[in-house]
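Below is one structure; the comments refer to it alone.
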Amino acid sequence: MKKAFTLLFTLLFLSILGFVCIKLLENRAINSINIKNQYLYIQASNHLEFLSEYIKTLKDIKEDTKIEILDDKFIIEAYINKNKADIFVKAKEYNIRVYKTLILLHQEP
Numbered sequence: 058m059k060k061a062f063t064l065l066f067t068l069l070f071l072s073i074l075g076f077v078c079i080k081l082l083e084n085r086a087i088n089s090i091n092i093k094n095q096y097l098y099i100q101a102s103n104h105l106e107f108l109s110e111y112i113k114t115l116k117d118i119k120e121d122t123k124i125e126i127l128d129d130k131f132i133i134e135a136y137i138n139k140n141k142a143d144i145f146v147k148a149k150e151y152n153i154r155v156y157k158t159l160i161l162l163h164q165e166p
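To convert a position in the sequence shown, counted from 1, into the numbering used here, add 57.
In structure tokens, the structure reads:
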């Protein structure tokens with residue numbers, strides 16, 4: 058009877074220890090994914106701000122213009138109409154998208 062209780066206790070202990078280890082590894086994997094997504098979101102926001110500042114500096118821009126920047130990780134596009142620019146930044150492999158509408162004020166010299 059003593060051996061049966063020892064075996065039962067050992068099986069319960071190993072089961073609980075295995076369950077706790079699996080939960081710890083899942084939490085670490087989720088935290089790693091969250092950190093990677095946060096990094097990519099910050100990078101996409103930087104691309105968006107750069108393109109919006111670049112569009113503001115353009116003087117002679119035609120209507121219905123498309124600007125596209127080639128990048129390894131992101132699809133960066135801007136569609137410029139009469140007085141507004143729609144800027145899109147999308148990650149190629151992850152579900153990260155950033156969008157901004159920029160109102161353009163054309164000043165006559």
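We treat Cβ as the ideally placed atom computed from N, Cα and C, and that holds for glycine.
Give the C-beta separation of residue i and residue j to the nearest angstrom, bearing in mind that I take them to be a contact with Cβ-Cβ under 8 Å.
i: glutamate 110; j: lysine 139; result: With a Cβ gap of about 20 Å, glutamate 110 and lysine 139 do not count as contacting.
i: threonine 122; j: isoleucine 133; result: In fact, because the Cβ distance is near 15 Å, the residues do not count as touching under 8 Å.
i: leucine 105; j: lysine 157; result: 6 Å
I need the straight-line Cα distance from residue i to residue j, nearest angstrom please.
i: leucine 68; j: serine 89; result: 32 Å
i: phenylalanine 70; j: valine 77; result: 11 Å
Of the residues the options, which one's Cα is nearest the Cα of residue i?
i: valine 155; options: Leu162, Lys149, Phe145; result: Phe145
i: lysine 93; options: Ile160, Thr158, Leu159, Ala148; result: Ala148
i: leucine 115; options: Leu162, Asn84, Leu64, Leu97; result: Leu162
i: tyrosine 96; options: Leu159, Tyr151, Thr158, Ile160; result: Tyr151
i: phenylalanine 107; options: Asp117, Ile124, Ile118; result: Ile124
On the criterion of 16 or more Cβ atoms from any shown chain inside 10 Å, does residue i qualify as buried, or is it exposed?
i: alanine 142; result: buried
i: alanine 86; result: exposed
i: isoleucine 99; result: exposed
i: phenylalanine 131; result: buried
i: methionine 58; result: exposed
Would you list the one or two residues that DSSP bridges to residue i?
i: valine 146; result: Ile133, Val155
i: glutamate 125; result: Glu134
i: lysine 141; result: Ile160
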